[in-house]
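Residue numbers (the working numbering), protein chains in the order written: chain A, 11 to 327; chain B, 11 to 327.
Even for Gly, the Cβ is constructed at its ideal location relative to N, Cα and C.
Quantities reported herein were computed from a predicted structural model and do not represent experimental measurements.
Below you can see the structure in the form of C-alpha cells.
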C-alpha cells in the first residue's frame with residue numbers, strides 16, 4: 011500500500027553529495043556554514059487557484075515552487091544551497107508526485123541545490139518551499155539602501171506572465187501562438203535570476219524580485235522619504251507583448267507580477283559597470299527610472315504623468 | 011483596507027534583538043552561524059481537518075505550529091534559533107490572526123526563538139513552519155545509531171493526545187473532566203522536549219520525537235537488522251488515562267501520536283546517568299524496552315506477545 015514514508019523515500023530522498031552532516035530522512039537536516047559566509051532563508055507557498063491554475067502540470071509546479079523561492083535568494087545576491095518542501099496533496103497520487111518530484115529534482119540540480127527535507131500531508135493542494143542560500147559575510151543586497159539619484163533598473167523583460175494570467179482568466183487569448191506559448195512559459199516556469207543577483211552584489215544599493223508587479227513592489231525600496239520616477243516607455247516589455255496596444259503593454263509590464271525579474275537601484279557608475287557583465291548582457295539590464303526625494307512613486311509616459319494599476323497583493327483580490 | 015503587507019507588518023514582524031544581519035521583512039532573512047556550531051532544519055505543516063479539529067483556537071494553533079517543529083529540533087538535541095511561517099488563510103480575519111500571532115510570539119519567546127520570515131496567502135487554512143536550530147558541531151542525535159542491547163526509553167507520558175483525538179472523533183468523552191482537560195491540552199498545546207533533548211546529547215545513541223505513535227515511529231530507529239522488544243506494561247501512561255481499561259490505555263499509549271515525547275535508545279550506563287539529570291527527573295525518562303537483533307519490533311504484555319495497532323500515517327487514514 012502506498013503510504014507517506016514509502017512515497018517520500020522513493021521520490022524525495024536522494025544523495026546530497028555530502029553537503030549535509032545529517033541527511034534528509036532524519037528529524038532534521040543538519041549542516042555547517044562555511045567560514046566567512048552567511049545563510050539567507052526565505053519561504054513561499056503556492057496554493058491552487060491562487061498562485062497557479064488548476065490545469066498547471068505537476069512538472070511546472072515542481073519548477074515553479076523551487077524558482078519562486080530561489081528568486082528571493084537571487085534578490086539578496088545569494089547562491090542556492092538547499093530547499094525544504096511541504097507538500098499538501100488531496101491523495102497520494104503518483105501521477106502527480108512522480109513528474110512533480112522529477113522536475114523539482116532536475117531544476118534544483120541545475121541550480122547546484124538539492125532537497126534537504128520536508129513532509130507530505132493530506133489536504134487541499136498547496137506547496138510550501140523554504141529555500142536556504144549562502145553568500146559572503148556582509149554582502150547581502152537588501153531592500154533598503156537606495157539613495158536619491160540612483161538609477162532604477164530591471165533585469166530581463168516584463169509583462170509576459172501577467173499576460174498569461176489575464177488571458178487565461180478571461181478565456182480569450184489576445185496574442186499569436188508563439189507569444190502565447192512564451193507567456194505561459196514565463197508564468198509556469200519562472201526563472202530565478204540567480205547569476206544576475208550574484209553579479210549585482212556590490213553594485214546594487216537595493217534590490218528585490220518583482221513578484222507582485224513594479225507598481226506594488228517599488229514601495230518596498232522607498233523608505234525614509236525616498237520616491238521614484240518610472241519612465242513607462244523605458245520598461246523592458248516582453249516580446250510576447252509586442253503586438254499589443256501600448257496602453258495594455260504598460261499595464262501588464264508595470265502592474266503584473268510573476269515574471270520574477272529583479273528590480274534594483276544603483277549609482278550611474280555601477281550601472282555602466284553592470285551592463286558590461288556578460289550574464290547581465292545576456293539577460294538584459296534596463297534603466298527604467300530614478301530614485302527621487304519626493305516620498306512617492308510617480309509614473310511618466312514620455313514625460314506625462316500616468317496612473318498605473320496596483321500590483322498583485324493577496325487578500326485584495 | 012486590510013492587506014497582506016499591513017497584516018504582516020503589524021503582527022508578524024518584530025525585533026529579533028540583533029540575531030539576524032538582515033531582519034524579517036526583506037526578501038530573505040540573513041544570519042551567520044557561530045563557529046563550532048551546526049544548523050538543524052525541519053519543516054512541518056498543520057492542515058485543518060487533518061492535523062487539528064476545526065474548533066481549535068487560533069492561540070492553540072500558533073503554539074502547536076511552533077512546538078511540533080521545535081519537537082523535531084529537540085529530537086536532534088538542537089536548540090531553537092528561529093522559524094519561518096507560511097500561513098494560508100481563507101480571509102485576512104484579524105480575529106484569527108491576532109490571537110494566532112500573539113500565541114506564536116509568546117511561545118517562541120519562551121523558547122528563546124523568534125519569527126524570522128514568512129508569507130501569507132489566501133486558501134484553505136494550513137500552517138507550515140520551518141524551524142532552524144543550532145547545536146555544537148558533530149553532536150546531533152540521529153535516528154540511526156541504536157545498538158543491540160540498548161535500552162529503549164521515552165520521555166514524559168504517553169496517550170493523552172490520542173485520547174483527545176479518539177473521544178473528539180467519536181463525540182463521546184470517556185474520562186472525567188480533569189482528565190479530559192489534560193488530554194485536550196496535550197493535543198492542542200504540545201510541549202517540545204527541548205531541554206530534555208539537549209540533556210540527552212552525548213547520552214542517547216539514537217532519538218526521534220513520537221509524532222505518529224511508537225508502533226509507527228520505532229521502525230525509524232531499526233535499521234540493519236535491529237529489532238526491539240517493547241514491554242507494554244512499562245509504558246509511561248498519561249495520568250489522563252488512569253481510569254481507562256488497561257487494553258485501551260496500551261493502545262492509546264503505543265499507537266497514538268501527538269504527545270511529542272522523545273523516543274530514544276542508550277546504553278544502560280547512560281540511562282543510569284540520564285535519570286539523574288534534573289530536567290529528565292522532572293519530565294520523566296522511562297525504560298520501555300530493549301533493542302534486539304531480531305529485525306522486528308515485538309510487543310509484550312507481562313511477557314506475553316500482544317498485537318498493537320499501527321501508528322498514524324498520512325495517506326493511510
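Check: residue i C-beta below 8 Å from any heavy atom of the ligand MN
{"i": "residue 17 of chain B", "result": "You won't find the ligand MN in this model; it holds no ligand whatsoever."}
Chain B within 9 Å of residue i, Cβ atoms only
{"i": "residue 40 of chain A", "result": "yes"}
{"i": "residue 94 of chain A", "result": "yes"}
{"i": "residue 43 of chain A", "result": "yes"}
{"i": "residue 154 of chain A", "result": "yes"}
{"i": "residue 129 of chain A", "result": "yes"}
{"i": "residue 275 of chain A", "result": "no"}
{"i": "residue 184 of chain A", "result": "no"}
{"i": "residue 172 of chain A", "result": "no"}
{"i": "residue 60 of chain A", "result": "yes"}
{"i": "residue 132 of chain A", "result": "yes"}
{"i": "residue 47 of chain A", "result": "yes"}
{"i": "residue 352 of chain A", "result": "Outside the shown range of chain A (11 to 327) lies residue 352 of chain A, about which nothing can therefore be said."}
Unbroken alpha helix (DSSP H) run spanning residue i, endpoints
{"i": "residue 174 of chain B", "result": "170-180"}
{"i": "residue 264 of chain B", "result": "256-265"}
{"i": "residue 78 of chain B", "result": "68-84"}
{"i": "residue 138 of chain A", "result": "Note, residue 138 of chain A: premise wrong, no alpha helix (DSSP H); beta strand (DSSP E) at 136-146."}
{"i": "residue 286 of chain A", "result": "Here residue 286 of chain A belongs to no alpha helix (DSSP H), and DSSP marks it neither H nor E."}
{"i": "residue 23 of chain A", "result": "Where residue 23 of chain A is concerned, there is no enclosing alpha helix (DSSP H), given that its DSSP letter is neither H nor E."}
{"i": "residue 8 of chain B", "result": "Since the displayed chain B opens at 11 and closes at 327, residue 8 of chain B lies outside it and no answer follows."}
{"i": "residue 192 of chain B", "result": "187-198"}
CB contact below 9 Å: residue i versus chain A
{"i": "residue 247 of chain B", "result": "no"}
{"i": "residue 255 of chain B", "result": "no"}
{"i": "residue 145 of chain B", "result": "yes"}
{"i": "residue 179 of chain B", "result": "no"}
{"i": "residue 175 of chain B", "result": "no"}
{"i": "residue 140 of chain B", "result": "yes"}
{"i": "residue 83 of chain B", "result": "yes"}
{"i": "residue 50 of chain B", "result": "yes"}
{"i": "residue 213 of chain B", "result": "no"}
{"i": "residue 166 of chain B", "result": "no"}
{"i": "residue 318 of chain B", "result": "no"}
{"i": "residue 65 of chain B", "result": "no"}
{"i": "residue 305 of chain B", "result": "no"}
Same chain only: Cβ atoms within 7 Å of residue i, ignoring 5 sequence neighbours per side
{"i": "residue 243 of chain B", "result": "311, 312"}
{"i": "residue 90 of chain B", "result": "80, 83, 121, 122, 123, 141, 143, 204"}
{"i": "residue 46 of chain B", "result": "146, 147"}
{"i": "residue 183 of chain B", "result": "177, 190"}
{"i": "residue 31 of chain B", "result": "40, 41, 42"}
{"i": "residue 135 of chain B", "result": "58, 98, 99, 100"}
{"i": "residue 278 of chain A", "result": "161"}
N-terminal and C-terminal residue of the beta strand (DSSP E) that residue i is part of
{"i": "residue 89 of chain B", "result": "89-99"}
{"i": "residue 128 of chain B", "result": "124-132"}
{"i": "residue 41 of chain B", "result": "39-41"}
{"i": "residue 48 of chain B", "result": "47-57"}
{"i": "residue 249 of chain B", "result": "Premise fails: residue 249 of chain B is in no beta strand (DSSP E) and is neither H nor E."}
{"i": "residue 272 of chain B", "result": "272-276"}
Close beta carbons around residue i, own chain, < 8 Å, minus the five adjacent residues each side
{"i": "residue 315 of chain B", "result": "308, 309"}
{"i": "residue 152 of chain B", "result": "86, 216, 217"}
{"i": "residue 117 of chain A", "result": "72, 73, 76, 77"}
{"i": "residue 237 of chain B", "result": "301, 302, 303, 304, 305, 306, 307, 308"}
{"i": "residue 175 of chain B", "result": "197, 266, 268"}
{"i": "residue 199 of chain A", "result": "70, 73, 74, 77"}
{"i": "residue 49 of chain A", "result": "43, 91, 142, 143, 144"}
{"i": "residue 289 of chain B", "result": "205, 206, 209"}
{"i": "residue 103 of chain A", "result": "none"}
{"i": "residue 109 of chain B", "result": "67, 68, 69, 72"}
{"i": "residue 192 of chain B", "result": "170, 248, 249, 250"}
{"i": "residue 220 of chain A", "result": "164, 168, 227, 267, 269, 270, 271, 272, 273"}
Same chain, Cβ closer than 6 Å to residue i, five either side skipped, listed in chain order
{"i": "residue 113 of chain A", "result": "69, 72, 73"}
{"i": "residue 241 of chain A", "result": "299, 310"}
{"i": "residue 26 of chain B", "result": "33, 124"}
{"i": "residue 263 of chain A", "result": "168, 169, 245, 247"}
{"i": "residue 213 of chain A", "result": "276, 280, 284"}
{"i": "residue 35 of chain A", "result": "23"}
Strand pairing of residue i, partner residues [DSSP]
{"i": "residue 216 of chain B", "result": "B/275"}
{"i": "residue 297 of chain B", "result": "B/163"}
{"i": "residue 238 of chain B", "result": "B/301, B/307"}
ask   = How do the region 71-84 of chain A and the region 26-40 of chain A stand: do at least 3 beta-carbon pairs fall below 8 Å, yes or no?
value = The answer is no - the region 26-40 of chain A does not touch the region 71-84 of chain A, with fewer than three Cβ pairs under 8 Å.
task = Could you tell me whether the region 60-68 of chain A touches the region 248-260 of chain A, using the rule of 3 or more Cβ pairs below 8 Å?
result = By the Cβ criterion, the region 60-68 of chain A is not in contact with the region 248-260 of chain A, since fewer than three pairs of Cβ atoms, one from each stretch, lie closer than 8 Å.
ask   = Contact between the region 285-296 of chain B and the region 164-175 of chain B: three or more CB pairs below 8 Å?
value = Counting Cβ pairs under 8 Å, three or more are found: they touch.
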